[in-house]
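**Student:**
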Amino acid sequence: MKFFADTADIDDIKELADAGLLDGVTTNPSLIKKSGRDIIEVTKEICGITDGPVSAEVVATEHAEMMREAEVLRKIADNIAIKVPLTKDGLKTCKALTGDGTMVNVTLCFSANQALLAAKAGASFISPFVGRHDDVGYPGMELITDIRIIYDNYDFATEILVASVRNPIHIHDSAKLGADVMTAPPEVIWKMFNHPLTDKGLAAFLKDWESTGQKIG
Ligand code: E4P
């Protein structure tokens, strides 16, 4: 499963890349706002850190204007994936862009039927929002199970990109269910390291080592 960083924070993205944990990046208008930077400038810098797909989202709601914005965004770098919302205009834009060979990430997916529509429109990625689903009392991961079954039934090439990831259990379940990609805030990825037995075991090894009085090298 590929790991995308769900952030526009350059330092956080670099840290994941240095640890070999970065296969791509996803941004959205809220993350760009949080970065406090110009969308073109910060997205260009991100594209210089990873060769993997970097999602940049259009903010227009009508097809023609989405296409105009996509044209601006895709000029940033070759690894840009244009993010469009799961609406009629969004899917028309998806179809037109993927026909041209541009990667498209269809976002704000909350049902398996929506994911089916996106696959038929040729989406490169579908982004089901599991955390926001959990928030309203629906088990978000059930959506991933259903989309995996549907995509496998028909051999759709669209990659399932689990989004709105809030905790390491979401990542564990995404991998178990065969999601192609998950995108998470860096702090959630770092939490995957945590295990009390690792901490306890390391402390015991270091204590025993210290009592030997030895040094390596
Ligand atoms: C990523 O592509 C999505 O925009 C993001 O994961 C949404 O996450 P949130 O629900 O935590 O805002």
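For the sequence shown, the working numbering gives the first residue as -13, with consecutive numbering after it.
Here a beta-carbon is modelled for each residue, glycine too, at the ideal position from N, C-alpha and C.
Could you check if Asn139 belongs to the surroundings of the ligand E4P, using beta carbon to heavy atom distance under 7 Å?
**Tutor:** Residue mapping note: residue 139 aligns to position 153 of the sequence shown, counting from 1. No; taking the cut-off as 7 Å, the Cβ of Asn139 has no heavy atom of the ligand E4P nearer than that.
**Student:** Apart from the five residues just before and just after Arg118, which ones in its own chain have a Cβ nearer than 8 Å to its Cβ?
**Tutor:** In the sequence shown, residue 118 corresponds to position 132, counting from 1. So the qualifying residues of the chain are Phe96, Gly126, Ser150.
**Student:** Taking Cβ to Cβ, would you say Val70 is nearer than 8 Å to Val44?
**Tutor:** What you label residue 70 is simply residue 84 of the sequence shown in a count that begins at 1. What you label residue 44 is simply residue 58 of the sequence shown in a count that begins at 1. In this structure, Val44 lies closer than 8 Å to Val70 by Cβ.
**Student:** How should Tyr140 be labelled, buried or exposed, when 16 other C-beta atoms within 10 angstroms of its C-beta is the threshold for buried?
**Tutor:** Start at 1 with the first residue of the sequence shown, and residue 140 comes out as number 154. The residue is exposed, with fewer than 16 neighbouring Cβ atoms inside 10 Å.
**Student:** Can you tell me whether DSSP reads Lys50 as helix, strand or coil?
**Tutor:** For the purposes of this step, residue 50 is taken as the residue at position 64 of the sequence shown. Checking the displayed sequence, the identity of residue 50 turns out to be Ala instead of Lys. Three-state DSSP puts Ala50 in a helix.
**Student:** CB-CB under 7 Å to Ile60, same chain, minus the five flanking residues each way: which ones, in chain order?
**Tutor:** Within the sequence shown, residue 60 is the residue found at index 74, counting from 1. The sequence given here has Arg at residue 60, not Ile. Result list for Arg60: Ile66, Ile68, Thr88, in chain order.
**Student:** Do Ile62 and Thr84 have their C-beta atoms closer together than 8 Å?
**Tutor:** Looking up residue 62 in the sequence shown gives position 76. Looking up residue 84 in the sequence shown gives position 98. Not closer than 8 Å, so no.
**Student:** Does chain D have any CB closer than 8 Å to the CB of Lys78?
**Tutor:** Included in the structure is just one protein chain, with no chain D present.
**Student:** Which same chain residues, not among the five before or five after Leu94, have their C-beta less than 6 Å away from its C-beta?
**Tutor:** Locating residue 94 in the sequence shown gives position 108, where the first residue counts as 1. Counting only Cβ-Cβ distances below 6 Å, and skipping sequence neighbours, we find Pro71, Leu72.
**Student:** Can you list, in chain order, the stretches of the alpha helix (DSSP H) that have 4 or more residues and sit fully within the segment 3 to 45?
**Tutor:** The qualifying runs are 15 to 21, 25 to 35.
**Student:** How would you write the range of the beta strand (DSSP E) that Phe(-10) sits in, first residue to last?
**Tutor:** Stepping through the sequence shown from its first residue, residue -10 is reached at position 4. Here the beta strand (DSSP E) through Phe(-10) covers -12 to -8.
**Student:** Assuming contact is defined by CB atoms lying nearer than 8 Å, are Lys(-11) and Leu7 in contact in what I supplied?
**Tutor:** What you label residue -11 is simply residue 3 of the sequence shown in a count that begins at 1. What you label residue 7 is simply residue 21 of the sequence shown in a count that begins at 1. One detail in the question is off: residue -11 reads as Phe in this sequence, not Lys. Cβ distance < 8 Å, so Phe(-11) and Leu7 count as in contact.
**Student:** Which complete alpha helix (DSSP H) runs does the segment 84 to 120 hold, if anything under 4 residues is left out?
**Tutor:** You should have 98 to 106.
**Student:** If the criterion is Cβ atoms closer than 8 Å, does the pair Leu107 and Leu147 meet it?
**Tutor:** Taking the first residue of the sequence shown as position 1, residue 107 is located at position 121. Taking the first residue of the sequence shown as position 1, residue 147 is located at position 161. Reading off the sequence, residue 107 comes out as Ala, not Leu. It is not a contact, given that the beta carbons lie outside the stated cut-off.
**Student:** Return the first residue and the last residue of the alpha helix (DSSP H) that Val174 is part of.
**Tutor:** Translated into the one-based positions of the sequence shown, residue 174 becomes position 188. Its alpha helix (DSSP H) spans residues 172 to 177.
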